[in-house]
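Taking it in order: structure first as structure tokens, then the write-up.
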Amino acid sequence: MSGESGAGLLIRDLRVVFDGFAAVDGVDIDVPPGDVRFIIGPNGAGKTTLVDAVTGLVKATGSASFGGRELLGRKVHHIARLGIGRTFQTATVFEELTVLQNLDIAAGTGRGPLTMLRRRSGVPPVVAEAMEAIGLTGERDKPAGALAHGRKQWLEIGMLLVQDARLLLLDEPVAGMSQDEREATGELLGLLSRERTVVVIEHDMDFLRRFARTVTVMHAGRKLSEGTVAEVQADPKVQEVYLGHAPTAPDRPGGREGT
Amino acid sequence: MTGPGTAAGRGRFRLRASQSRARTAAGFGLAAVALFAVAPLALGDFRLNLLAKYLCMAIVAVGIGLAWGRGGMLVLGQGVFFGLGGYAMAMHLKLADAGPGDLPDFMRLYGQVERLPWWWEPFTSPVFALAAVVLVPMALAFLLGSLVFRRRVRGAYFAILSQALAAAMAIYLIGEQGTTGGTNGLTDIQGFFGYDLADPANQRVVYFIVAACLLLMLAVARQLMLSRYGELLVATRDAEERVRFLGYDPARVKLVAYVVAAGMAGLAGALFVPAVGIISPALIGVVPSIEFVIGVALGGRATLVGPALGAVGLAWAKTALSEQFPAGWTYFEGLLFVLVVAFLPGGLGSVAGLVRRRRAVPAGAPEAPEAPPGVRPGGPPEVPSFLDPRAASSSPLEGTVDGAVDGALEAPAPGEPTREVAP
Chain B
0 MSGESGAGLL IRDLRVVFDG FAAVDGVDID VPPGDVRFII GPNGAGKTTL VDAVTGLVKA
60 TGSASFGGRE LLGRKVHHIA RLGIGRTFQT ATVFEELTVL QNLDIAAGTG RGPLTMLRRR
120 SGVPPVVAEA MEAIGLTGER DKPAGALAHG RKQWLEIGML LVQDARLLLL DEPVAGMSQD
180 EREATGELLG LLSRERTVVV IEHDMDFLRR FARTVTVMHA GRKLSEGTVA EVQADPKVQE
240 VYLGHAPTAP DRPGGREGT
Chain F
0 MTGPGTAAGR GRFRLRASQS RARTAAGFGL AAVALFAVAP LALGDFRLNL LAKYLCMAIV
60 AVGIGLAWGR GGMLVLGQGV FFGLGGYAMA MHLKLADAGP GDLPDFMRLY GQVERLPWWW
120 EPFTSPVFAL AAVVLVPMAL AFLLGSLVFR RRVRGAYFAI LSQALAAAMA IYLIGEQGTT
180 GGTNGLTDIQ GFFGYDLADP ANQRVVYFIV AACLLLMLAV ARQLMLSRYG ELLVATRDAE
240 ERVRFLGYDP ARVKLVAYVV AAGMAGLAGA LFVPAVGIIS PALIGVVPSI EFVIGVALGG
300 RATLVGPALG AVGLAWAKTA LSEQFPAGWT YFEGLLFVLV VAFLPGGLGS VAGLVRRRRA
360 VPAGAPEAPE APPGVRPGGP PEVPSFLDPR AASSSPLEGT VDGAVDGALE APAPGEPTRE
420 VAP
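Residue numbers (numbering that gives the first Met the number 0), protein chains in the order written: chain B, 0 to 258; chain F, 0 to 422.
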């Protein structure tokens, strides 16, 4: 958790243009290693596009580097191999494969051809640990498509765990989850962030207050504000954008920020 | 939150693996008995020879099952690879029939060719010809696949492309009559590595070779399907983009299955030549290429033996029915295909699974009622679009643009509170 910015996610003047429309319009973001950064903003603010750009899904100009290595211009699977993992708004798991198979595939990018051509003869230790961490050991042999929505999200997070990603980009990980599931996901985030840098796109303010370390607010493709939860909440620019949805409006008092 | 102890789980794992191994051994044993003992005893020379021809179709089908059923690539042009294998074999056999230094009969017949074309020369060597039978189709598939998969051509576009290739090859062969035999193809093949093909005893040996190759290819396909690669292939079929974000290159994953399928088609084409005595453009063009796929769809594309059984069944039905109603066969074939695609997308191979599941339901287990019907592990995918098994619909990632659909399409699981509305 040093302040050495070279090792974290460093985004400079990032710009993504779709048919003349700048979805991300010159954004600078600096996420130090070990941070749990939440990115919030209204629909269309460019949050997901930002993650798409960092992971190579859309073309972007400017710069985005992690651990000192430039990411823009590389292919998606090369970026993934540099230790950058992501999840998606709609949980994307391999529905016909079992939980175990899903995790085993995620753990396997380094395998040679001979290993690939053989059957899996047991449960690799990393996979067993991850299954334990995401609480799906009991559903190991269930097809992922049969899992409840929240569990699919956990499975995706588990896939990032075994993939050994150093930077996790989670796109609305608690969308559609029950309160208990959110709680468990939050704890999982804490576990993840011990050795990793985590960036979360989230709409859920309550979840954010509890689990964010730092927050970046985006609006119309630009960075609006950045800081701790309290700082961002106090920022008049943020209040203006969320007019009528003042930061203190939700049912819970704002005093329960996570560490 | 945790399930049963890992030790117990591991035991269960091992038990299941050994059970499946025993079942497979039994299955292969049974197939071997049927192919090597029952069929030769029960069938006359003529029918056994027909069966050899059907088994060649089955070998192509095993490859299609791998590429299409497991890999999601609708290979509508396997006739190309079948043809390359077939022509490679037939060229050697024609040269051997003609004798050293002499031209194959048809070249004389059309009277345009005085010297053996340079690309015929190497086929004088049996070793070269046998290697070319498998390696030439694989090399072409590698080249084609490298170009196509990297550019993310898939679904219907891939199907059309592969089909166009089959058409192009047939047209080319017809055009080059002097050196390829044109429409007639390479016919009237007499010998097979020194053995007279007119002798029924030698025809039986050809049958045994074909049957052995089929079993071998089934074993290869089984190993590929059960291996980690096979799991990755299914993952790539169902969510290509997701695989990419894990750090794999889906193009390479698909390429392996495509190349293996091409090799199998080439082998089948080569075996077809001694079994039937002919290879011609009509046997490798668009129509036969589609028929290969129909057989696979009938049998169940994502299963191991389904494609082979479907191919044999279809080829048998074609012979039987076209003997009775020469004009009606094509309509019947089309109807059969439509029925299977509409009502049994998993093919006949999925019937056992459907029955098992129906029987299991009243026995209890209200588990996972929300599971869509197509999620049996290893089972064939069910409902989604025929052309593109799960591929077209399964990439929610394509063109994700923040905004309009921002989570709006996502239905919360039943019984769960809808999420708090965001800021």
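Backbone N, C-alpha and C define an ideal beta-carbon position, used for all residues, glycine too.
Because the structure is a prediction, the values reported are computed rather than measured.
Euclidean distance between Cα positions of residue i and residue j
{"i": "F:L75", "j": "F:A314", "result": "17 Å"}
{"i": "B:R80", "j": "B:R73", "result": "11 Å"}
{"i": "F:V79", "j": "F:G193", "result": "28 Å"}
{"i": "B:V98", "j": "F:A38", "result": "43 Å"}
{"i": "F:G154", "j": "B:T227", "result": "47 Å"}
{"i": "F:G174", "j": "F:L282", "result": "16 Å"}
{"i": "B:G43", "j": "B:G220", "result": "8 Å"}
{"i": "B:Y241", "j": "B:L207", "result": "15 Å"}
{"i": "B:D12", "j": "F:R227", "result": "41 Å"}
{"i": "F:V132", "j": "F:L146", "result": "22 Å"}
{"i": "B:G33", "j": "B:R193", "result": "7 Å"}
{"i": "F:F244", "j": "B:L56", "result": "9 Å"}
{"i": "B:D14", "j": "B:L8", "result": "A small fix is needed here, since residue 14 of chain B is Arg in this sequence, not Asp. Rounded to the nearest angstrom, the two C-alpha atoms are 16 Å apart."}
{"i": "F:E120", "j": "F:C212", "result": "27 Å"}
{"i": "F:G68", "j": "F:L254", "result": "14 Å"}
{"i": "B:G157", "j": "F:M137", "result": "38 Å"}
{"i": "F:I63", "j": "F:F148", "result": "17 Å"}
{"i": "B:E182", "j": "B:A52", "result": "29 Å"}
{"i": "B:R209", "j": "B:E225", "result": "17 Å"}
{"i": "B:R283", "j": "F:L303", "result": "What is shown of chain B runs 0 to 258, which leaves residue 283 of chain B out entirely."}
{"i": "F:F291", "j": "B:F37", "result": "53 Å"}
{"i": "F:A218", "j": "B:V35", "result": "49 Å"}
Supposed close pair residue i, residue j - CB separation, criterion 8 Å
{"i": "F:V252", "j": "F:L225", "result": "Between F:L225 and F:V252 the Cβ distance is about 16 Å, and since that is not below 8 Å, they are no contact."}
{"i": "F:G190", "j": "F:D96", "result": "6 Å"}
{"i": "B:L49", "j": "B:S62", "result": "Contact flag wrong, Cβ pair sits at about 13 Å."}
{"i": "F:A130", "j": "F:V209", "result": "Not a contact, Cβ separation roughly 19 Å."}
{"i": "B:A168", "j": "B:T91", "result": "Looking at the sequence provided, one finds Leu at residue 168 of chain B rather than Ala. With 8 Å as the limit, B:L168 and B:T91 do not qualify as a contact, their Cβ atoms being about 13 Å apart."}
{"i": "F:L214", "j": "F:A24", "result": "Rounded, the Cβ-Cβ distance is 12 Å, inconsistent with contact."}
{"i": "F:F141", "j": "F:V258", "result": "5 Å"}
{"i": "B:M217", "j": "B:G45", "result": "6 Å"}
{"i": "B:V197", "j": "B:L191", "result": "6 Å"}
{"i": "F:F157", "j": "F:M72", "result": "6 Å"}
{"i": "F:L50", "j": "F:L42", "result": "6 Å"}
{"i": "F:A66", "j": "F:A128", "result": "The Cβ separation is near 25 Å, so there is no contact."}
{"i": "F:I278", "j": "F:L139", "result": "Going by Cβ atoms, the distance from F:I278 to F:L139 rounds to 17 Å, so no, they are not a contact pair."}
Boundaries (first-last residue) of the alpha helix (DSSP H) holding residue i
{"i": "B:K151", "result": "148–162"}
{"i": "F:G229", "result": "227–237"}
{"i": "B:D103", "result": "98–105"}
{"i": "B:L207", "result": "204–210"}
{"i": "B:R118", "result": "First-last for B:R118: undefined, no H or E at that position."}
{"i": "B:R80", "result": "75–80"}
{"i": "F:L254", "result": "249–275"}
{"i": "B:R36", "result": "Per DSSP, B:R36 belongs to no alpha helix (DSSP H); it is in the beta strand (DSSP E), 35–39."}
Of the residues the options, the one placed nearest residue i, counting alpha carbons only
{"i": "B:E94", "options": "F:V350, F:A256, F:R236", "result": "F:R236"}
{"i": "F:G284", "options": "F:F81, F:A166, F:L73, F:A197", "result": "F:A166"}
{"i": "F:P103", "options": "F:G348, F:E240, F:Y156, F:Q176", "result": "F:Q176"}
{"i": "F:L335", "options": "F:L347, F:F324, F:N201", "result": "F:L347"}
{"i": "F:E332", "options": "F:T318, F:P344, F:G345", "result": "F:T318"}
{"i": "B:R68", "options": "B:V26, B:P41, B:L166", "result": "B:L166"}
{"i": "F:E196", "options": "F:W117, F:G70, F:E290, F:L270", "result": "The residue asked about is misnamed: residue 196 of chain F is Leu in this sequence, not Glu. Comparing Cα-Cα distances from F:L196 to each of F:W117, F:G70, F:E290, F:L270, the minimum goes to F:L270."}
{"i": "B:V30", "options": "B:A233, B:T213, B:K222, B:A229", "result": "B:T213"}
{"i": "F:G305", "options": "F:G26, F:L139, F:G84, F:S321", "result": "F:G26"}
{"i": "B:G25", "options": "B:Q238, B:G134, B:K222, B:E239", "result": "B:K222"}
{"i": "B:A145", "options": "B:N101, B:E182, B:D163", "result": "B:N101"}
{"i": "F:T182", "options": "F:A267, F:R20, F:A21, F:P280", "result": "F:P280"}
{"i": "F:F81", "options": "F:V135, F:G246, F:A36, F:P116", "result": "F:V135"}
Heavy atom of the ligand PLP within 7 Å of residue i beta-carbon
{"i": "F:W119", "result": "Among the components modelled here there is no ligand, and therefore nothing to report on the ligand PLP."}
Host beta strand (DSSP E) of residue i (start-end)
{"i": "B:E225", "result": "221–226"}
{"i": "B:A22", "result": "20–30"}
{"i": "B:R195", "result": "It is not in any beta strand (DSSP E) - B:R195 carries neither H nor E in the DSSP assignment."}
{"i": "B:F65", "result": "60–65"}
{"i": "B:T213", "result": "213–218"}
{"i": "B:R11", "result": "8–17"}
{"i": "B:G84", "result": "83–85"}
Below 9 Å between beta carbons is the criterion; list the residues of the region 68–99 of chain F that meet it against any residue of chain B, in chain order. none
Using a Cβ-Cβ cutoff of 7 Å, what residues of the region 243–261 of chain F are near chain B? List them in chain order. R243, F244, L245, G246, Y247, D248
Any residues in the region 217–243 of chain F with a beta carbon nearer than 8 Å to a beta carbon of chain B? Which ones, in chain order? Q222, L223, L225, S226, R227, Y228, E230, L231, V233, A234, D237, A238, E240, R241, V242, R243
Which residues, taken in chain order from the region 157–170 of chain B, show a beta carbon closer than 8 Å to some beta carbon of chain F? M158, Q162
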